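Asks: For the sequence shown, this note's numbering assigns the number 2 to the initial residue and increments by one for each residue that follows.
Next up is a structure, given as structure tokens.
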Amino acid sequence: MLNASFQITVAELAQLPPDSLAEVAFAGRSNAGKSSAINAITNQKRLAFVSKTPGRTQHLNFFRAGQGRYLVDLPGYGYAKTPMVEQKRWQALVGSYLAGRPQLAGLVLIMDIRHPFTDLDLMLLDWFQASGKPVHILLSKADKLSRNQSLPVLRAAQATLAERGNPGSVQLFSSPKHMGLDEAEAVIRNWLQMPPAKGGDKAKKCPTQGEKVGHQVP
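Here it is as structure tokens:
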């Protein structure tokens, strides 16, 4: 697993860590399982705060994963009860970060497997595609569906990316069941230019869109 520790909460771009060499950002709709995914990948229970109240994360939270390497927890989007002023402020901060941060190596997008590719998810994917940086999608809460139910969703997700010309990768994922942790960690380590995990772990592997992690849609 990745070893990570909390570094800083960023409310404006001037506060971004100056020593950063590479960063991987985590995005997703409120309650899609974003914080739980970060905790599972780093093998910690409360590194990223998991709240029953959607929209609680309001800033960029940086977690140090190595020398000059960071995981970045972005505010969840799509929570209707968030005041419009707050939504616009978050959008400006996140938009500026995603569009203009040279150290950003890739985006991990978490989607609830039962409700993938909402309009907001598609908007983010289309907008971020212009950056030319990779996207890896975690279809979270895969334990809520049987394998026969989840595999068609995975294939449909691959097709959706291909139809939109997005060379992203997709996998099934479950934080509580530790499904797909090896695959997700391998993608993140590759983006951060960190060595592969030694020896692996007992995390259950889940199908990705190719035989190898990060295989791109033709």
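Think of the CB as a built atom: it goes at the ideal place given N, C-alpha and C, for glycine as much as any other residue.
This one's a predicted model, so the numbers in the text were calculated from it and none came from an experiment.
#1: Would you list the one or two residues that DSSP bridges to V73?
#2: Output the distance between the C-alpha atoms of Q104 and L193, rounded to the nearest integer angstrom.
#3: Nearest to L121 by alpha carbon, out of S31, L22, T10 and L14?
#4: Does the distance from the C-beta atom of N40 to that of A33 stay below 8 Å?
#5: Assign G107 to buried or exposed, taking buried as 16 or more other Cβ atoms, counted over all protein chains shown, within 10 Å of its Cβ.
#6: Looking only at its chain, what residues have a beta carbon closer than 7 Å to the beta carbon of S97, apart from the 5 residues adjacent to it on each side?
#7: Within the same chain, show all residues whose beta-carbon is closer than 8 Å to that of G166, passing over the 5 residues directly before and after it, in chain order.
#8: Which residues does DSSP pair with L105 in a beta bridge?
#9: Distance, Cα to Cα, S36 vs A26?
#10: Restricting to Cα atoms, I'd like to know which of M2, E164 and S175 is closest to D113.
#11: Does the Cβ of N149 have 16 or more other Cβ atoms within 10 Å, making it buried, or fewer, making it exposed?
#12: Less than 6 Å between C-beta atoms, sequence neighbours within five positions excluded: which residues of the same chain meet that for A204?
#13: Does any residue of chain B have a CB that is nearer than 8 Å to the CB of V73?
#14: For D1, tell me which candidate among F7, V171 and T161 has the shortest Cα-Cα distance.
#15: Going along the chain, which unbroken runs of the alpha helix (DSSP H) with 4 or more residues stay wholly within the stretch 154-206?
#16: In chain order, what residues of the same chain lie with their CB nearer than 7 Å to the CB of F63, ignoring the 5 residues before and after it?
#17: Which residue from K145, N4, F118 and A185 puts its Cα closest to that of E164?
#18: Going by beta-carbon coordinates alone, are S170 and H137 separated by less than 8 Å?
#19: Return the Cβ separation of Q172 and L139 in integer angstroms, given the expectation that the two are a contact with Cβ distance under 8 Å.
#20: When DSSP labels each residue in this structure, what does L17 get in the three-state scheme?
#21: Between A93, D20, A198 and G29, which has its C-alpha nearest Q68's C-alpha?
#22: If S141 sits next to I111, beta carbons under 8 Å apart, how far is it from one beta carbon to the other, in whole angstroms?
Replies: Looking at the atomic coordinates:
#1: Position 72 of the sequence shown, counted from the start, is the residue given in the question as residue 73. Bridge partners of V73: A26 and F63.
#2: Numbered from 1 along the sequence shown, position 103 holds the residue referred to as residue 104. Numbered from 1 along the sequence shown, position 192 holds the residue referred to as residue 193. So the alpha carbons of these two residues sit roughly 10 Å apart.
#3: Along the sequence shown, read from residue 1 onward, the residue named residue 121 stands at position 120. Comparing Cα positions, the closest option is S31.
#4: As a first step, residue 40 is located in the sequence shown; it is residue number 39 there, counting from the start. As a first step, residue 33 is located in the sequence shown; it is residue number 32 there, counting from the start. Taking 8 Å as the Cβ cut-off, N40 and A33 do not qualify as a contacting pair.
#5: What you label residue 107 is simply residue 106 of the sequence shown in a count that begins at 1. The residue in question, G107, is buried, as its Cβ has 16 or more Cβ neighbours within 10 Å.
#6: For this step, residue 97 is matched to residue 96 along the sequence shown. L14, listed in sequence order.
#7: As a working note, residue 166 is residue 165 in the sequence shown. For G166, where only same-chain residues beyond five positions count, the Cβ hits under 8 Å are Q130.
#8: Reading the sequence shown from its first residue, position 104 is the one you call residue 105. Paired residue(s): E24.
#9: Stepping through the sequence shown from its first residue, residue 36 is reached at position 35. Stepping through the sequence shown from its first residue, residue 26 is reached at position 25. Their backbone Cα atoms lie some 12 Å apart in a straight line.
#10: Translated into positions along the sequence shown, residue 113 becomes position 112. Taking only the C-alpha atoms, the option nearest D113 is S175.
#11: Looking up residue 149 in the sequence shown gives position 148. N149 is exposed by the Cβ-count criterion.
#12: By one-based count along the sequence shown, residue 204 stands at place 203. Any reading at A204 needs caution, since the residue's pLDDT is 48, under 50, leaving its predicted position unreliable; the model's value is listed next. Closer than 6 Å at Cβ, skipping near neighbours: H179, L182 and D183.
#13: Absent from the structure: chain B. Only one protein chain is present.
#14: Any answer about residue 1 is impossible in this case: the structure gives the chain only from 2 up to 219.
#15: 182-193
#16: Within the sequence shown, numbered from 1, the residue matching residue 63 stands at position 62. For F63, where only same-chain residues beyond five positions count, the Cβ hits under 7 Å are Q8, I9, V11, P18, Y71 and V73.
#17: In the sequence shown, the residue the question calls residue 164 occupies position 163. Ranking the options by Cα distance to E164, first place goes to F118.
#18: Along the sequence shown, one-based indexing puts residue 170 at 169. Along the sequence shown, one-based indexing puts residue 137 at 136. Result yes, Cβ atoms of S170 and H137 sit closer than 8 Å.
#19: Locating residue 172 in the sequence shown gives position 171, where the first residue counts as 1. Locating residue 139 in the sequence shown gives position 138, where the first residue counts as 1. The pair is a contact, with the Cβ atoms about 6 Å apart (cut-off 8 Å).
#20: Looking up residue 17 in the sequence shown gives position 16. Reduced to three states, the DSSP call for L17 is coil.
#21: In the sequence shown, counting from the first residue as 1, residue 68 sits at position 67. When each option's Cα is compared against that of Q68, the closest is D20.
#22: For this step, residue 141 is matched to residue 140 along the sequence shown. For this step, residue 111 is matched to residue 110 along the sequence shown. That pair is a contact at about 5 Å.
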